[in-house]
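Q:
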Amino acid sequence: MNTICKCVLSQVLLYFCLSGCSHIPDNDRNTTKELQFIRENIDFIAQQTTLMLETTGAPTGKNYPRSMNDAGQLVTTGMYDWTPGFFPGSLWYLYELTGDSVWKDKAEQWTQTLEPLKTFTGHHDLGFMMYCSYGNANRLAPKPEYKDILLQSAYSLASRFSEETGCIKSWNHRVAWDGETEWFYPVIIDNMMNLEMLFFGAKTSGDKRLYDIAVTHANTTLQHHFREDFSSYHVVDYDTVTGVVKHRATCQGFSDNSTWSRGQAWAIYGYTMMYRETKDAQYLDAAVNLAAYYLSHLPEDLIPYWDFNAGEAGYTPDKDSYATQYWEKPKDVSAAAVVCAAFFDLATYTHRSEYTDKAIQMLHNLSSEKYRAELGKNAHFILMHSVGSIPHISEIDKPLVYADYYFLESLVKYTAFLRNFTSL
Ligand code: GLY
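Counting from 18, one number per residue, gives the positions in the sequence shown under this note's numbering.
(1) In whole angstroms, what is the alpha-carbon distance linking D318 and E57?
(2) Less than 8 Å between the CB of G270 and some heavy atom of the ligand GLY, yes or no?
(3) Taking the Cβ atom as the reference point for each residue, do F201 and D254 lie within a distance shorter than 9 Å?
(4) Identify, in the order they occur along the chain, each residue of the same chain with its Cβ nearer than 6 Å to the Cβ of Q281, setting aside the five sequence neighbours on each side.
(5) Under the criterion of a Cβ to heavy atom distance below 8 Å, does R279 qualify as lining the ligand GLY?
(6) Is F145 near the ligand GLY, judged by its Cβ being under 8 Å from some heavy atom?
(7) For a test of your reading of the model: does the CB of S406 fall under 8 Å from any non-hydrogen atom of the ligand GLY? Yes or no.
(8) Inspect the CB distances between the stretch 208-221 and the stretch 256-271 and report whether three or more fall short of 8 Å.
(9) Can you tell me whether I410 is buried or exposed, with buried defined as 16 or more other CB within 10 angstroms of its CB?
(10) Our contact map puts F424 next to M85 with C-beta atoms below 8 Å; I'd like the distance itself, whole angstroms only.
(11) Going by DSSP in three states, V258 sits in which element: helix, strand or coil?
(12) Say whether the stretch 108-118 touches the stretch 149-160, bearing in mind that this needs 3 or more beta-carbon pairs closer than 8 Å, one atom from each stretch.
(13) Quick one: does the C-beta of Y419 sit closer than 8 Å to a heavy atom of the ligand GLY?
(14) Once DSSP output is grouped into helix, strand and coil, what is the label at P105?
(15) Between L435 and K394, what straight-line distance do the alpha-carbon atoms span, to the nearest angstrom?
(16) Identify, in the order they occur along the chain, each residue of the same chain with its Cβ nearer than 7 Å to the Cβ of G89, setting aside the five sequence neighbours on each side.
(17) Measuring only from the beta carbon, is W283 closer than 8 Å to any heavy atom that is part of the ligand GLY?
(18) Would you call H234 buried or exposed, if buried means 16 or more other Cβ atoms sit within 10 Å of its Cβ?
(19) Would you grab the beta carbon distance between A304 and Y288 for me? Rounded to a whole angstrom, and I think it's under 8 Å.
(20) The beta strand (DSSP E) with G405 in it runs from where to where?
(21) Measure from the alpha carbon of P321 to the alpha carbon of each residue in V355, L301 and Q342, then state which is nearest.
(22) Report yes if the C-beta of I205 is less than 8 Å from at least one heavy atom of the ligand GLY; otherwise report no.
(23) Would you give the residue range spanned by the alpha helix (DSSP H) that D122 belongs to?
(24) Look up C268 in the DSSP assignment and say whether it is helix, strand or coil.
(25) Could you please give the first and the last residue of the uninterrupted beta strand (DSSP E) stretch that includes I413?
(26) Alpha carbon to alpha carbon, how far is F217 from L167?
(27) Keeping to the same chain, check which residues put their C-beta closer than 8 Å to that of Y97; ignore five residues upstream and five downstream.
(28) Can you tell me which of V261, A171, E132 and H251 puts its alpha carbon nearest to the alpha carbon of D229?
(29) Just the Cα atoms here: how many angstroms apart are V204 and H402?
(30) Just to confirm the assignment: which complete alpha helix (DSSP H) runs, minimum length 4, are found wholly within the stretch 356-410?
(31) My guess is that L143 and L108 are in contact by the Cβ rule of under 8 Å, so how many angstroms apart are they, rounded?
(32) Below 8 Å on the Cβ atoms is my guess for N44 versus G106; work out the distance and round it to an integer in Å.
(33) Classify L227 as buried or exposed, calling it buried when 16 or more other Cβ atoms lie within 10 Å of its own Cβ.
(34) Consult DSSP for I320 and reduce its assignment to one of helix, strand or coil.
(35) Using the Cα positions of A502 and Y388, report the straight-line distance between them to the nearest angstrom.
(36) If you drop the 5 nearest sequence neighbours on each side, which residues of the same chain put their C-beta closer than 8 Å to that of I59?
Here it is, written out as structure tokens:
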């Protein structure tokens, strides 16, 4: 059983010992109440995930849970999609939160089917695919081969870096929503998330090149991906020879000049992680500024709409984007879950409790019946009401496996927070 699990259990036991006592300080009452809140979430998630596993059956390499269709049925993907690492990652977090080896066994099975991806170089998402799965496996139940697989994955990702642009190419050539503009070196803000695996590779192998690629990518992105108010562009396309920026646009947001909520969330998480890995203050400043933009554009319940500018004057989608026809404003729970997880870390690095306060509020709101599913519903995902991509008419107001993954990560981080700050 790992340290966090032992700690949760001991504190829950302590709660039951203390619950008859009338002299518990307010602080400790609050801690025990919050541990109960976490426990209730874990119990629900364990039951819901058991049902999910009954639906999927054993991992085949082609049945990674991703979302739900309009008929309420589970949608799965093959391993070359960007999302297969999240379900194994969620199983690892469940193991971390419970200490129950049943989850470890399942997590191992679902992780190990991803091994062929270690040499995959078709897009930039290898960090999501391998670090959420094998990264957590290596952290929680290491085996010698995990390090090699992660290192190989880091080199596969690094193969998409070019000196000319100073960044990793997210996608291969594609045409923009206007139907004409061609992107030859598109880099999306999401790419910041994939850099964490390069730092792991650098530490494991001692190869500084992997570290330098991560830092160079983050610096190039800092230079070109943000407006003065630290709102983010989704896509920046570079000239492959000169490295000059050719286009700033969107693929999954409302319009080229709007701010896609999940993109902003990836940026907040990404620069917070960059600070953790490098201790370079410019990254912490960036994370703080990106978070300030995000927080100032939230509705009261702290769960963002899918794009911060959808439907506002001055923002017009390109002709081929379905956003031209979609005028509702669904929330995107996945963005909230990503930011919630990032804010626990941002609070630690900035020593500013406002981020923890917000993260705890977000966690409680996500756990409310407005956003957390009923047992047996929601195709057995945990959270409802995320948005995959409105421009692509895909996964609108649906559960998403990565919303669940970052929700679980937030529960792990909140548990650690309570452990560190409790006086019990
Ligand atoms: N990385 C793809 C997405 O956030 O939808």
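For glycine and all other residues, C-beta sits at the position ideal for the given N, C-alpha and C.
A: If we stick to the structure as given:
(1) Cα to Cα, D318 sits roughly 21 Å from E57.
(2) False, no ligand heavy atom lies under 8 Å from that Cβ.
(3) Using a Cβ distance threshold of 9 Å, F201 and D254 count as a contacting pair.
(4) Answer for Q281: S249 and Y311, listed in chain order.
(5) Yes, the beta carbon of R279 sits closer than 8 Å to at least one heavy atom of the ligand GLY.
(6) For F145, the distance from the CB to the nearest heavy atom of the ligand GLY is below 8 Å.
(7) Result yes, Cβ under 8 Å from the ligand GLY.
(8) Not touching, per the Cβ criterion.
(9) By the 10 Å Cβ count, I410 comes out exposed.
(10) Approximately 16 Å separates the beta-carbon atoms of F424 and M85; this is outside 8 Å, ruling out the contact.
(11) For V258, the three-state secondary structure derived from DSSP is coil.
(12) Taking a contact to require three or more Cβ pairs closer than 8 Å, the stretch 108-118 and the stretch 149-160 qualify as touching.
(13) Checking every heavy atom of the ligand GLY against the Cβ of Y419, one is found closer than 8 Å.
(14) Of the three classes helix, strand and coil, the one that applies to P105 here is helix, per DSSP.
(15) Answer to the nearest angstrom: the Cα atoms are 30 Å apart.
(16) Hits under 7 Å: A396.
(17) W283 Cβ: within cutoff of the ligand GLY.
(18) H234 comes out buried.
(19) The Cβ separation is near 4 Å, so the contact holds.
(20) Where G405 is concerned, the enclosing beta strand (DSSP E) stretches over S403 to S406.
(21) Ranked by Cα distance from P321, the first of V355, L301 and Q342 is V355.
(22) At least one heavy atom of the ligand GLY is nearer than 8 Å to the Cβ of I205, so yes.
(23) That run of the alpha helix (DSSP H) goes S118 to Q129.
(24) Here C268 sits in coil by DSSP.
(25) Secondary structure note for I413: its beta strand (DSSP E) is the uninterrupted segment S411 to K415.
(26) Cα atoms of F217 and L167: separation of roughly 8 Å, rounded to the nearest angstrom.
(27) Closer than 8 Å at the Cβ level, and outside the excluded window around Y97, lie L134, F137 and G139.
(28) Ranking V261, A171, E132 and H251 by Cα distance to D229 puts A171 first.
(29) One Cα belongs to V204, the other to H402, and the distance between them is close to 27 Å.
(30) Runs of the alpha helix (DSSP H) inside the stretch 356-410: 370-383.
(31) In this structure L143 does not touch L108 by the C-beta definition: roughly 20 Å separates them, more than the 8 Å allowed.
(32) The pair is not a contact, with the Cβ atoms about 33 Å apart (cut-off 8 Å).
(33) L227 comes out buried.
(34) Judged by DSSP in its simplified three-state form, I320 adopts coil rather than helix or strand.
(35) Within the shown structure, residues of the chain are numbered from 18 to 441, placing residue 502 beyond reach of any answer.
(36) Cβ neighbours of I59 beyond the five flanking positions: L111, L114, T115 and L428.
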